[in-house]
Each structure stands twice: as C-alpha cells, then as structure tokens.
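As structure tokens, the structure follows; a few thoughts come after it.
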Amino acid sequence: MSSVNLRHSVRGVILDEGDRILLCRFAIPGPTGTVVVWAAPGGGIERGETPLATLARRGRAGRRCGPARCVWHQQVVAPGHAAGYDGVVNDYFLVRTASFPPRGAMSDDELAAENIDGFRWWRLRDIADYHGSELFSPRDLATPLTALIAEGVPATPVPLGL
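Its first residue numbered 5, the sequence shown is counted upward by one per residue in the numbering used here.
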C-alpha cells in the first residue's frame, strides 16, 4: 500500500472587530479555464517550523500574528490542491485584529506566483448569501464561521470538508 503525500499548511481565520473574515482571492488556471477560490491567508509549513511561525511568516495580510488558537482542521486528498502533493492538511488558527487595509507582505510577483490576485474582508451574511461562480475554501465556509462567531473557540478543532 502506498502512502499519501500531503502538504501541511496553516491558515489564519482573521476576524476584525465587526466579525468580518479576511480572505485571499486565488485565480487558479486549469485545463477548462480559471477557477477562483476565496480562502484564508496562510501557506505551507517548512521543515522545523511551528504552525504559528508559519502563519507569521506567511502573513499575506501584512500583519503579525498575536495569540492564536487552532479552531478548524481540514484534510483533502485530491489532486490540484498543492503542486507535487496528493492533497493538503490545513490547520486554521483564529486571529482577532482591528480592521486594516489588506495588502500582504509579498510582492506582486510573489503573489502572482501563488495565483493570488486580491484580498477582501467578507461579512458572514455575504458569504452565506453568495451565489456566484467563485468558490470558498472550505466550500461551506459559512457554517463553521457561523459557529465560531456565535460560540467562540471550540474545545478541539472542528473537522472541515472540502
């Protein structure tokens, strides 16, 4: 039996004082066209790095991470989620912050190399009511986000689907 090669990553559930979540817009080219996915900022954990160090290093939102707790866990075994891997493992950490203009610490070229072409603060209602062609990651982001805002940090990370 062969082993599955998964990319371990962390993502920041960055919520401002109005409970808006900061998401990155990924425009991913594919054989049938570009797929757009809105996802929490973050990235892959490098050898010897802690998840919080990764979150700080990958701070695409342009902010340093303060105290953070892991609130969600996602494992996706499917091609196309991380080049050279069979899928991903994402641990999501809650970061509360005052609202700020998102830009990220990465250059335009670095962002483009990662297929990122924008940032946006989203209200929960706008995510829940969205019916366009762009996707969220996880697809049902509104459900765990609703619980997180209403109930606070869970005792153990909530498992997420695709």
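For each residue, glycine too, the CB sits at the ideal point set by N, CA and C.
Since the structure is predicted, the reported quantities are computational estimates derived from the model, not experimental observations.
Which residue wins for smallest C-alpha separation from residue i, given the options the options?
i    : options             : result
D95  : G48, L26, A31, S111 : G48
V41  : H85, A117, L164     : H85
R129 : I153, R107, D112    : I153
A102 : E21, S7, D90, T147  : E21
E53  : H12, Q79, A117      : H12
L139 : A117, V39, A109     : V39
F123 : A87, Y89, L27       : L27
F104 : L19, L164, N9, S7   : L19
What first and last residue would you give for the alpha helix (DSSP H) that runs through residue i?
i    : result
T167 : Because the chain is modelled from 5 through 166, residue 167 falls outside the range shown and cannot be assessed.
T147 : 146-155
A132 : 128-132
Cβ atoms of residue j and residue i: under 7 Å apart, would you say?
i    : j    : result
V14  : P55  : yes
A60  : G16  : no
L115 : I131 : no
V157 : R24  : no
Quick check on residue i: does DSSP put it in helix, strand or coil?
i    : result
L27  : strand
R51  : coil
A117 : helix
G66  : Unreliable placement is indicated for G66, whose pLDDT of 46 sits below 50; the coordinate value is still reported in the next sentence. Coil at G66, not helix or strand.
D20  : coil
H12  : strand
So with Cβ pairs under 7 Å, would you call residue i a contact of chain D?
i   : result
G88 : Protein chain content of the structure displayed is limited to a single chain, and chain D is not contained in it.
For the beta strand (DSSP E) containing residue i, name the first residue and the last one.
i    : result
R100 : 91-100
G37  : 37-43
P163 : 162-164
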